[in-house]
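Heads up: the structure comes next, in structure tokens.
There are 2 protein chains.
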Amino acid sequence: MAIRVLQVGLGPIGALIARQVGARAGVELVGGVDLDPGKGKEVGVTVSGDLATALRETRPDIAVVSTSSALERVAGTIEVCLAAGVAVVSTTEELAFPWRERPELARRINRAAHAAGRAVLGTGVNPGFAMDALPLALSAVCERVDGVIVRRIQDASKRRLPFQQKIGAGLSVEEFHAKVAAGGVRHVGLAESIGMLASAFGWNLDSVTDEIWPKIATERVASPDLEVAPGHCSGVVQLGSGKEGDLVRVRLEFEAHLGAPESYDEIEIAGSPALKSRVVGGIPGDLATASIVVNAIPRVLAAPPGLITMRDLPPAHWWSGVPTAPPPAGAVALPRST
Amino acid sequence: MAIRVLQVGLGPIGALIARQVGARAGVELVGGVDLDPGKGKEVGVTVSGDLATALRETRPDIAVVSTSSALERVAGTIEVCLAAGVAVVSTTEELAFPWRERPELARRINRAAHAAGRAVLGTGVNPGFAMDALPLALSAVCERVDGVIVRRIQDASKRRLPFQQKIGAGLSVEEFHAKVAAGGVRHVGLAESIGMLASAFGWNLDSVTDEIWPKIATERVASPDLEVAPGHCSGVVQLGSGKEGDLVRVRLEFEAHLGAPESYDEIEIAGSPALKSRVVGGIPGDLATASIVVNAIPRVLAAPPGLITMRDLPPAHWWSGVPTAPPPAGAVALPRST
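Just so you know, the sequences run in chain order U and X. Under the working numbering, the first residue of the first sequence is numbered 1, with each subsequent residue one higher. Under the working numbering, the first residue of the second sequence is numbered 1001, with each subsequent residue one higher.
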């Protein structure tokens, strides 16, 4: 029987997830929740404005929560789901590893999950994969890791217009800084990825920083939607750093701008052996986030209760929904319903 | 308190694991088992010729079994460990995913593990990582996977002499085929990696093949140890393939020869999104195998009882042995002892 999924939040990412749930075998979209009930038409499902009602009426196995990057805004939503006995997977960036940055909220959600006997996971491409779970997976072949550098470099001209606007493409430098001050540019999640890596590797960090600059065009650059004059911003450069004393253990570089010569995701591990791995062309952000959420669903349902992270979850690999024979006895079968 | 490790088998890989266990925080090498008690000197530990005696005298938390690639030869050893209440991690290639190729042995070990309340894992760089666990991890960002190609290409001139000899470097073509017939060339594990991928993705394979050819030198090639004349073998090309009907779902290419222009590990996923990932310079085989075994130890001790595979284990990432603060409540702490 298919896993019953309720999609909470039908913005661009939520709608993408809803459509993927609708299209894939092994999962069934049973409803949606959004302030705008018109969103249901796009994804072909009844959308309710009230979460508690939707939970009661649709009886989901799991709720996918995609309403905000900020854990403070999402915590109440997660608790309502848990109170209804429903597991949660969320694209909330601050939930990917909240133990370092927001320990109070992490403990609160962890307690609620234990009380409900359900698991809660925050995931996505970044945080949740490119800068944390994938470097962790790669480190398995190392006898020693001294430091990790991850570079996520994106040619933003191929992304949707709201993303290009979010990263400040086309703004003057003054406008860029004003937009940063208003909280409208920063990619959320570098500190969470750093926290996950440090916790897994056993590094007690003394400082975590997250700095942001405009990328300034030296010549005219353009996307199909937008044009940037020289001296204006073509996008953003963001640098996360985690240190033990003066020693940089984790360095995360996020660049998204129009005219980046190449998109890629690169991981460098300093250690024994030293490793350098690159996803050529990069991992497409929105599709990857929707996919990892759906792929994680059976893992979250099979996980022990509590607030879990990608650090502790078996690989949330793709699955077709087709059962294989012979099924390995004693192993986790995918997909499964609770 | 450190995890107590007994190393069973002190050949080249076993000795490497023993030395790494001896050198790392959080684990302690409490003994070794080998037919040759002289092996103990190399790794600085008492070596016994009798497994049952060693288990009784050293009271390990886990045994690392590195005695053979063949599961049939290792199954009895694993059962003796389990009967003593000791978990097992093994470099036995056929144990990495025995459910498809050797279901009887898999069920037998799974039953013994359940009876003992302990977990058993087969791992290594290949099988166990480069051609199965890492492609699985990468697929997490896909909404659809149509097929997987993995290429592990190695310049064998940088590997130890026994490895160069194993892959047939320096042999005539006739000698190569005789060595293949005698079972001395083939890399064990392609079928196991194919089985793990197919089981995880939900592909019911109709055929799994594993073919082997000599790589023939067109000009003189050499390593510091060995010289290959034109027309002789510089190494091996091995191709594993898993099909549903006529559709190739998995294609694994393993090449190791003197004079390979570049070493690398490459994963290509055909699907949505299509992905191409490359470890530049490749993953060094022996060190990687020893490391992943040691890194997996806390995961095996924390796993539910039974025969498990890398498909179902949380990332066996590197860990320093240093506890981090604050410890995430409700999450698995690393390292831990049973």
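Glycine is no exception: its CB is placed at the ideal position from the N, C-alpha and C atoms.
PHE254 (chain U): member of the beta strand (DSSP E) spanning 247–257, first to last residue. Note that the C-beta distance between ASP155 (chain U) and SER263 (chain U) is below 8 Å. The three-state reading of DSSP puts ALA302 (chain U) in helix, counting H, G and I together. Using a CB distance cut-off of 8 Å, LYS243 (chain U) does not count as an interface residue toward chain X. Membership of SER90 (chain U) in any alpha helix (DSSP H) is not indicated; the residue belongs instead to the beta strand (DSSP E) covering 87–90. Look at VAL1141 (chain X) here: in three-state DSSP terms it is helix. Pairing VAL1088 (chain X) with VAL1065 (chain X) gives a Cβ-Cβ distance under 8 Å. For the C-beta of HIS1317 (chain X), the chain U residues within less than 8 Å are, from N- to C-terminus, LEU136, ALA137, SER139, ALA140, ALA200, PHE201, ARG311. Residues of chain U whose Cβ lies closer than 9 Å to the Cβ of PRO1323 (chain X) are, in chain order, GLY202, ASN204.
In the DSSP assignment, the residues bridged to PRO1214 (chain X) are X:VAL1236. Ranked by Cα distance from GLY117 (chain U), the options U:THR92, U:ALA75, U:ALA169, U:ILE62 are led by U:ILE62. Neighbourhood of LEU82 (chain U) in chain X, by CB distance below 7 Å: empty, with the nearest CB roughly 13 Å away. Rounded to the nearest angstrom, the Cβ distance from HIS1257 (chain X) to LEU1171 (chain X) is 12 Å, too far for a contact under 8 Å. In this chain, the alpha helix (DSSP H) harbouring LEU1016 (chain X) covers 1012–1023.
A buried status is given to THR1324 (chain X), since no fewer than 16 other beta-carbon atoms sit within 10 Å of its beta-carbon. In this structure, the CA atom of VAL1279 (chain X) is about 25 Å from the CA atom of TRP1213 (chain X).
Cβ contact annotation for ARG1024 (chain X) (same chain, cutoff 8 Å, sequence separation greater than five): VAL1294, GLY1321, in chain order. Annotated three-state conformation of GLU1268 (chain X) is strand, per DSSP.
For ARG151 (chain U), same chain residues with a beta-carbon under 6 Å away, outside a window of 5 residues either side, are GLU253, GLU266 in chain order. Within chain U, no C-beta atom comes less than 7 Å from the C-beta of SER1157 (chain X); the nearest is roughly 17 Å away.
In this structure, the straight-line span from the alpha carbon of ARG1249 (chain X) to that of TRP1203 (chain X) is close to 8 Å. DSSP lists X:VAL1033 as the beta-bridge partner residues of SER1048 (chain X). Counted as a single uninterrupted DSSP element, the stretch harbouring LYS276 (chain U) is not any alpha helix (DSSP H) but the beta strand (DSSP E) occupying residues 275–280.
Put simply, the backbone Cα of VAL33 (chain U) is about 15 Å away from that of VAL21 (chain U). Taking 8 Å as the CB threshold, GLN1007 (chain X) stays off the interface with chain U.
Taking 8 Å as the upper bound for CB-CB distance, ALA296 (chain U) and ALA316 (chain U) are in contact here, some 4 Å apart. Chain order gives the chain X residues near VAL280 (chain U) as LEU1275, LYS1276, SER1277, ARG1278, where near means a beta carbon separation below 9 Å. In terms of CA proximity to ARG1220 (chain X), X:GLY1259 leads the group X:VAL1188, X:LEU1095, X:ALA1182, X:GLY1259. Under the three-state reduction of DSSP, VAL1120 (chain X) is assigned to strand. Counting other Cβ atoms within 10 Å of its Cβ, PRO1230 (chain X) stays below 16 and is therefore classed as exposed. Listed along chain U, the residues sitting closer than 8 Å to ILE1283 (chain X) by beta-carbon distance are VAL141, PRO273, LEU275. In this structure, X:VAL1027 is the residue among X:VAL1027, X:GLY1011, X:LEU1016 with its C-alpha nearest to the C-alpha of ARG1004 (chain X).
For ARG1102 (chain X), no beta strand (DSSP E) segment is defined, and its DSSP state is neither H nor E. Excluding its 5 nearest sequence neighbours in each direction, PHE1176 (chain X) has C-beta neighbours in its own chain below 6 Å: GLY1168, PRO1214, CYS1233, listed in chain order.
For the 8 Å CB-CB criterion, ALA1119 (chain X) and VAL1008 (chain X) do not form a contact. Here DSSP, grouped into helix, strand and coil, assigns VAL1125 (chain X) to coil.
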